[in-house]
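Here the sequence shown is numbered in this note's numbering, starting from 849 and rising by one per residue.
Even for Gly, the Cβ is constructed at its ideal location relative to N, Cα and C.
Quick caveat, the model's predicted, so the values are computed rather than measured.
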Amino acid sequence: MRSRVGGLYTAVIAANLVIWAWAALSFGGNAALLGTALLAYGFGLRHAVDADHIAAIDNVTRKLMQEGKRPIAVGFFFALGHSTVVIAASVVVALTASNLETRYPGLIEAGGVVGTAVSVVFLFAIAAVNAVVMAGVFRLFRRVRAGGRLEEGELDLFVVQGGVMARVFRRLFRLIGQSWHMYPLGFLFGLGFDTASEISLLALSASAAAQGLSVWSIPVLPALFTAGMSLIDTTDGVVMVGAYGWAFVNPIRKLYYNLTITGVSVAVALLVGGIEALGLAADRFGLEGGVWTAVDTANQNFGMLGYAIVAIFVASWLVSFVVYRLRGYDKLRA
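Structure representation (structure tokens):
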């Protein structure tokens, strides 16, 4: 694991340095363009903590670990898929030096509907599967706490096979059996273009092109955005693997941790998917006022919601560990 994580970070950090070297060579001593480059990189760093990124990476990481894998590159490939759309759109905008919506009427709107719909369906579906798994794990944990035995492989068999909902969505989730399978999912998520950071990057690309930036330097800004987002999304995935790795050391800990953290993850997936779904409905049907204002505010501040979710996960891991020790669950025998 250490060598794999080290190799992954070596590649990500090397890519970041190469892209920054490209930016330095392309922009030379132009302070304004270098400032724009830094801004594009910052947009990527911030975009990676959007709530849908965190929820998707967390849920897929746990699914793959329950299947006995150590998917350290889930966040990395999700970021690459997401960035593919951003890079393509930024290059088009820069080449035309115009607003993408003006140049291609309806493209942003159609992409927003598709991207948001994919995000909502995926998060609701995986939340439903995890909810069924959580209910089954709770029954197993209650049995062990009452003095019962946990047969070898029983938890793994249940978690992988799941219940009715797991069987319904099994074909869907078979599509994500390896870390690199997150690339197409990230690509579909990226079609949304519904966050301020992505829209701002498009504006930066158009502005830089209008100032006479050469055609070979046009991709620098979206590349910097990708570098920043990949660094944070990769870290998110690696941290998730490390946290779940602690839980999978012994059967009782695996039972308890699956029970507590899966509940949090299900709630987060439903919350994020619900906000996105309501935001899409409000946008399509022109709903305003009351609860719809709150929904619009939440959608416009996905980054802040993402920070809150990170804090919730960290708190959940800490509380889970403390309660596990204080209640003496580590002394239970399977």
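Taking DSSP as the reference, what is the three-state secondary structure of residue i?
i	result
Ile861	helix
Leu912	helix
Met849	coil
Val897	coil
Ile1160	helix
Gln1206	The requested residue 1206 does not occur in the structure, where the chain is confined to residues 849 to 1182.
Arg1132	helix
Gly1032	Sequence inspection shows Pro at residue 1032; the Gly mentioned does not correspond to that position. Helix.
Gly1137	coil
Ser1078	helix
Arg990	helix
Asn907	helix
Ala1014	Bear in mind that the predicted position of Ala1014 carries a pLDDT of just 45, short of 50, making it unreliable; the figure below should be weighed with that in mind. Helix, per DSSP.
Asn878	coil
Hey, out of the options, whose CA is closest to residue i's CA?
i	options	result
Val790	Leu1069, Asp1084, Gly1122, Asn1149	Here the chain covers residues 849 to 1182 and nothing more, so residue 790 does not appear.
Val934	Gly1025, Phe875, His895	His895
Leu912	Ala1115, Phe1073, Arg991, Val1086	Val1086
Gly892	Ala927, Arg991, Leu1118	Ala927
Ala973	Val1089, Gly1076, Trp1140, Ser1113	Ser1113
Gly1025	Val1089, Lys917, Val939, Val1116	Lys917
Ala1075	Phe875, Arg997, Ser851, Leu886	Leu886
Leu1166	Ala1091, Ala1156, Leu1118, Ala1115	Ala1091
Val1171	Tyr1104, Ile1157, Tyr1155, Gly1138	Tyr1104
Leu1119	Gln914, Ile902, Thr884	Ile902
Beta-carbon separation of residue i and residue j under 8 Å?
i	j	result
Phe1037	Ala888	no
Ser1078	Ala921	no
Ile1205	Ser1168	Past the edges of the chain, shown from 849 to 1182, lies residue 1205, and the structure says nothing about it.
Leu1128	Ala872	no
Gly1193	Thr1082	Limits of the chain in this structure are 849 at one end and 1182 at the other, which puts residue 1193 out of reach.
Ala904	Leu971	yes
Gly1034	Phe1133	no
Val1089	Thr858	no
Can you find the residues in the same chain that come closer than 8 Å, C-beta to C-beta, to residue i, ignoring five residues on each side of it along the sequence?
i	result
Gly1011	Interpretation of Gly1011 is limited by its pLDDT of 45, a score under 50 that renders its predicted location unreliable; the figure taken from the coordinates is listed afterwards. Excluding sequence neighbours, Gly1011 sits near Val980, Val981, Ala983, Gly984.
Trp1140	Leu1126, Ala1130
Going along the chain, which residues of its own chain have a beta-carbon closer than 7 Å to the beta-carbon of residue i, five neighbours each way excluded?
i	result
Pro1032	Gly929
Asn978	Asn907, Thr1110, Ser1113, Val1114
Met849	Arg918
Keeping to the same chain, check which residues put their C-beta closer than 6 Å to that of residue i; ignore five residues upstream and five downstream.
i	result
Leu1107	Val985, Phe986, Phe989
Val968	Gly1121, Glu1124, Ala1125
Pro1070	Val934, Ile935, Ser938
Ser1065	Ser874
Ser946	The predicted model places Ser946 with a pLDDT of 48, which falls under 50 and marks its position as unreliable; any figure quoted below should be read in that light. So no residue of the chain qualifies.
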